[in-house]
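**Student:** I'd like to ask some things about the structure below.
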Amino acid sequence: MHHTFDPNKTITATIDGLTVSVPEGTTILEAAKKAGIIIPTLCHHPDLGVRAVCRICLVAVKGQRRFKTSCNTVLCDGDVVNTNTPEIREARKTVLELILSNHPQDCLKCERNGNCELQDLAKQYNVLEIPFASTHQALPIEEDNPAIVRDMSKCIKCGRCVESCQVVQEVAAINTSCRSTKYGVTTAFNKPLSASTCVYCGQCIAVCPVGALYEKDDTEKVWTALSNPDMHVVVQTAPAVRVALGEEFGLAPGSIETGKMVAALRRLGFDKIFDTNFTADLTIVEEGNELLDRIENGGKLPVLTSCSPGWINYIEQFYPELIPHVSSCKSPQQMFGALAKTYYAKKSGIPAEKIYVVSLMPCTAKKYECTRPEMRSSGYQDVDTVLTTRELGKMIKLAGINYEKLENEDYDAPFGISTGAAVIFGASGGVMEAALRTAHELVTGESLANLDFIPVRGLEGIKEAEVELAGKKLKIAVASSLSKAKVLMEMIKNGTCCYHFIEIMACPGGCIGGGGQPFGTTSEVLQKRLAAVYEIDKNSELRMSHKNPAINTLYEEFLGKPLSHKAHELLHTSYQQQDRG
Amino acid sequence: MSKIVKLISANCGKIRPDSVEDYLNSGGYAALKKAFTMEPLQIIEEVKKAKLLGRGGAAYPAGSKWEQLYEIEEFPKYIVCNADEGEPGTFKDKLLMEQDPLRVIEGMTIAGYVFNSHDGYIYIRGEYRGLQKIFQAAIDNAKKEGFLGENILNTGFSYNIHIMTGAGAYVCGENSALLNSIEGKAGRPRIKPPHLAEVGLFLMPTLVNNVESFANIPTIVNEGGEKYLSYGTADSGGTKLICLSGHIKNRGVFEVPFGVTLRDIIDDPELGGGMAGGRKLKFFHLGGQSGPCGSPEQLDTVYCCRAMRNAGLSVGSGAVVVLDESVCVIDYLKKVTEFFIHESCGKCVPCREGNKQLYLILDKLSKGEATENDLALMKRLSRVMAKSSFCGLGQAASTALDSCLKHFSSEFEAHLNKQCPAGVCFTKKESGE
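Note that the protein sequences, when read in sequence, are chains A and B.
93 is the number of the first residue of the first sequence in our numbering; add one for each residue after it.
1120 is the number of the first residue of the second sequence in our numbering; add one for each residue after it.
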């Protein structure tokens, strides 16, 4: 198509008097970064398409009449760029003041107070007063759904959420609409999110630089339950939270925080600290058997995984005709909820109505999932409340727990025992890898020598592999992000899909990149969380789900065998077409 | 000597606009026939020699634009005619489309031949709904007579023109926003680069020219680039359609050669004919709302792109809005800014938020509530908007304000002291007292 850059060619230019050599095609923003110059950005996000609308990253390029936005302007050989002239400082500060003139400026009462890109810039640019008149108009806060809150009066119209929803997810629940003073981000016909195609994945929240988008805060519900002496409050922790929670306390991404997280939860007053990893192992046993059953008995293939509620919302709306492919297994969160209020209730002698189940999730769609009418197998809402990683961070801080000083603690029995196969659920490809480890033994009766399925690991959007299973070739694929899921769904629809088993996660990179994870997630951060997940797996004593002794006890004591009637009643479900948008 | 030269408006009002027969009888389609005997590069060479500067407002050399597109070896290429004539005070494309559409069609067809393009689009602004029928009839008739469609004049060249329409957004006159609108997307400008010659309509190489620019192509092909150039000045070839409006005797569209003076345009009896209403000229606004305002001291400036630019003025779209002493500069600028608030696409901060703030400060001035600080802030804002906005709309939104600050600084000062020399502002307050 148009002029393409040769990344093998090096160009040399001057930025703020420094000589910079970078591959051809490098933007001024990136080149400056290499030279140790930080250019401010707002609408730019390293993993999203460039919009160049906030105009904060302006620089002066010699010979150019106007300032250039460094986020999209490619550095050319011989360019002389200045990023810190009086004119540039004036322009950037003016742009900033203009944004602030149409902003509520109520930082103290804002969800993002202390963690806001706009606030940071205001500090950096020494904004002490705003010379422009306020043109801000209050708008109603939209919280009609269980997962995502939209406060459009805080929106700075950077469009990052739109890029995420339209390009990364191809859900297109939101878009920019109208013109001039009315320009903003809306759903189609400005309907509430619950009447849009929104799948509640929360990727819009993850990229919002300000407090315009955030999860529905459920911490108060949990505090109430915790302080109710009649309630037995249990918590389950999703695999991806432990490798991200540290970021809430200033630790490097990828810090493994399992022990401290458990300790913090115990300090908060939870009666039992359990692990969603336990039901992740259970999912593998159930789903592995379901897969083998479908292959042997001519069932619907490929089997599509069902752990990711954003993905379930997506297929229900966008590909309802493919629902029969979806595994009937509930997500680990919902399996846990159902067991907590049945098996655990029986075992502990606490009546189900006295058990309050909290889930700690990297996810916003989980908040919606737990409210689904199907998710009441115990006779009660199986999971009462879902907290995101960010919300747990808030609770730990509010409780005055000095996170740094916490000592590692262990999970409680019986749902605290899990395997390395379960923890890798947190990363894209993990469910597949865990399933393959178990399926191999189910089919051959022999344990695998090498448990690592490298081709399904990593952040690539679509991964595929072929594995030998008792002489049969099993073709598998893994997709993360819904735009990538769409590619595979189209293949199934048009008959070009050759896979037997497909794992799909709604968020890029899987749950480590979930919409409820600490702010500031980029692919760089994801890489570190990813490495931590596999580190935990590598160091696990048990690395195959079916070897989890607590799972075997569960079957012996309660469920009978995989896919039994009881298992179906509690651990499986079905999905229906949804026409919201 | 007459200041009027009719190269492209000669047929207007003289022929039935959708009649191919009338058009042929007045010399129409001779250029297309001639073009078919020429190599595309020869035609581009003539356009270059003609020094045809884009007539939409930016005055970009059409020959260079054509040459750049020609060098791109990717097909299909598209020809797009920008007929989103949205600059207030501009109505010259309307005249051509209404009264001599076949000239525009012929120009677009020659461009189609040059770039071996098979589809041309004309994007006509929503407000020109009525005129679209005439234009469509002209297309249909040209097709019937073999000047459009399959195998034009048995040359083997096939070309169609499609009419597209907007919903009245001024910003769709910006070429990349226009292409988005044709594609069915929101009419907001695209990030450039890539340039439209590389990645244009439907992501393919695209030529976008103004109606008047295309209307000049048949003349250039017929008479040759050198001859065409000789009608104008050394830098600005040919003639320009100008649109006179405001406090002037003769309002309407006139075709003048580049090289006349602004005084000629306003005072010549065959052109503006002087001020209407007996009041003195205060200023004139050139090229639309995005253009600069000029003062009477600049009347002897030669009307050509270079001289105007050197004088801080601009030909722009060809609009000449003439304003007399009854007009208050502040009040006028408020109207201009209101226009840009209404028409900003809203996506970039300096334009979306800046125009609102400019208006608020002008409003304070008009109410006698502004201070020196406000004036300084306004100047800063104008500076930043011009250098930092995403597209031409925001970059040019404060052009009129800037020029007025230069020519009428005393009037701004007067408003700081609650005085309006034109007697427009504060009158209500006075009568209330």
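Even glycine gets a Cβ: it sits at the ideal position worked out from N, Cα and C.
Applying the 10 Å Cβ sphere with the 16-neighbour rule, what's the burial state of A/N100?
**Tutor:** Classification of A/N100: exposed, given that the 10 Å Cβ count is below 16.
**Student:** Considering only residues of the region 1458 to 1503 of chain B, which uninterrupted alpha helix (DSSP H) runs meet the minimum length of 4 residues and lie entirely inside it, listed in chain order?
**Tutor:** 1468 to 1485
**Student:** Between A/T289 and A/V260, what straight-line distance do the alpha-carbon atoms span, to the nearest angstrom?
**Tutor:** 15 angstroms
**Student:** Please list, in chain order, the residues of the region 181 to 192 of chain A that have any C-beta partner in chain B closer than 8 angstroms.
**Tutor:** Those residues of the region 181 to 192 of chain A that come within reach of chain B (Cβ to Cβ, closer than 8 angstroms) are E182, A183, T186, V187, L190, I191.
**Student:** Kindly indicate which residue of B/K1454, B/S1409, B/V1340 has the alpha-carbon position closest to the one of B/E1077.
**Tutor:** In the structure displayed, chain B extends from 1120 to 1552; residue 1077 of chain B sits before or after that span and is not available.
**Student:** In angstroms, rounded to a whole number, what distance separates the CA positions of A/G522 and A/L551?
**Tutor:** 11 angstroms
**Student:** Rounded C-beta distance between B/I1127 and B/A1334? I'm assuming under 8 angstroms.
**Tutor:** Confirmed, Cβ separation roughly 5 angstroms.
**Student:** Using a Cβ cut-off of 8 angstroms, pull out every chain B residue sitting near A/V114, in sequence order please.
**Tutor:** Within chain B, no C-beta atom comes less than 8 angstroms from the C-beta of A/V114; the nearest is roughly 18 angstroms away.
**Student:** With a floor of 4 residues, list each alpha helix (DSSP H) that falls wholly inside the region 1418 to 1460 of chain B, ordered by position along the chain.
**Tutor:** Complete alpha helix (DSSP H) runs here, min 4: 1424 to 1429.
**Student:** Report buried or exposed for A/N218, applying the criterion of at least 16 other Cβ atoms within 10 angstroms of its Cβ.
**Tutor:** Around the CB of A/N218, fewer than 16 other CB atoms lie within 10 Å, so the residue is classed as exposed.
**Student:** Compute the Euclidean distance between the alpha carbons of A/Y435 and A/N586, then round it to the nearest angstrom.
**Tutor:** 43 angstroms
**Student:** What residues of chain B sit near A/C146, judged by a beta carbon separation below 7 angstroms?
**Tutor:** The answer, in chain order, is V1468.
**Student:** Return the Cβ separation of A/C253 and A/I266 in integer angstroms, given the expectation that the two are a contact with Cβ distance under 8 angstroms.
**Tutor:** About 6 angstroms separates the two Cβ atoms, so the contact holds.
**Student:** Would you mind telling me which residues of chain B sit closer than 8 angstroms to A/P223, beta carbon to beta carbon, in chain order?
**Tutor:** By Cβ distance, chain B contributes N1492, L1496.
**Student:** By the DSSP assignment, the beta strand (DSSP E) with B/T1325 in it spans what residues?
**Tutor:** 1325 to 1329
**Student:** Go ahead and pull the three-state DSSP assignment for B/L1363.
**Tutor:** Looking at B/L1363 - three-state DSSP - the assignment turns out to be strand.
**Student:** Taking 6 angstroms as the limit between beta carbons, can you name the residues of its chain near A/T106, skipping five residues before and five after?
**Tutor:** V172
**Student:** Kindly say whether B/Q1218, judged by its beta-carbon, lies nearer than 8 angstroms to any beta-carbon of chain A.
**Tutor:** no
**Student:** Quick check: what's the CA-CA separation for A/K658 versus A/T268?
**Tutor:** When only Cα atoms are considered, A/K658 and A/T268 end up about 48 angstroms apart.
**Student:** Excluding the 5 residues flanking B/D1141 on each side, which residues of the same chain have their C-beta closer than 6 angstroms to its C-beta?
**Tutor:** I1134, R1135
**Student:** Hey, A/L540 and A/R549 are a contact pair by Cβ (cut 8 angstroms); roughly how many whole angstroms apart?
**Tutor:** Their Cβ separation, rounded to whole angstroms, is 16 angstroms, which puts A/L540 and A/R549 out of contact at 8 angstroms.
**Student:** Within the region 195 to 271 of chain A, note down every full beta strand (DSSP E) run reaching 3 residues or more, in order along the chain.
**Tutor:** 240 to 242, 266 to 269
**Student:** Between the Cα of A/Y503 and those of A/Y591, A/N405, A/N542, A/A355, spot the shortest distance and give me the residue it belongs to.
**Tutor:** A/A355
**Student:** I'd like the list of long-range same chain contacts for A/D236, defined as Cβ closer than 6 angstroms, with 5 residues on each side in sequence excluded.
**Tutor:** The residues are P284, S286.
**Student:** Looking only at C-alpha atoms, which of B/G1343, B/I1301, B/Y1350, B/G1397 sits nearest to B/I1367?
**Tutor:** Of the listed residues, the one whose Cα sits closest to B/I1367 is B/G1397.
**Student:** Using the beta-carbon count (16 or more within 10 Å), is B/L1298 buried or exposed?
**Tutor:** Counting Cβ neighbours within 10 Å, B/L1298 comes out buried, since at least 16 surround it.
**Student:** To be precise: take each residue of the region 445 to 470 of chain A, compare its Cβ to all Cβ atoms of chain C, and keep it if any distance is under 9 angstroms. Which residues remain?
**Tutor:** No chain C appears in the structure shown, which is made up of the protein chains A and B.
**Student:** Report the residue from A/V326, A/V142, A/V335, A/P331 whose alpha carbon sits nearest the alpha carbon of A/F366.
**Tutor:** Checked all of A/V326, A/V142, A/V335, A/P331; the closest Cα to A/F366 is A/V326.
**Student:** For chain A, find out if any of its Cβ atoms is closer than 8 angstroms to the Cβ of B/F1509; answer yes or no.
**Tutor:** yes
**Student:** In whole angstroms, what separates the C-alpha of A/E122 from that of A/P115?
**Tutor:** Each residue's alpha carbon lies about 11 angstroms from the other.
**Student:** Between A/F159, A/L200, A/L337, A/V166, which lies nearest to A/V187 when the distance is taken from Cα to Cα?
**Tutor:** A/F159
**Student:** Measure the C-alpha to C-alpha separation of A/G338 and A/V617 and round it to an integer number of angstroms.
**Tutor:** 12 angstroms
**Student:** From B/L1214 to B/C1200, what does the alpha carbon distance come to, in whole angstroms?
**Tutor:** 15 angstroms
**Student:** Please confirm whether B/L1479 and B/L1500 have their CB atoms less than 8 angstroms apart.
**Tutor:** no
**Student:** Decide if A/C590 is buried, meaning its Cβ has at least 16 other Cβ atoms within 10 Å, or exposed.
**Tutor:** Exposed, since its Cβ has fewer than 16 Cβ neighbours within 10 Å.
**Student:** If we ignore side chains and look at the alpha-carbon of each, how far apart do A/D474 and A/G608 end up?
**Tutor:** 21 angstroms
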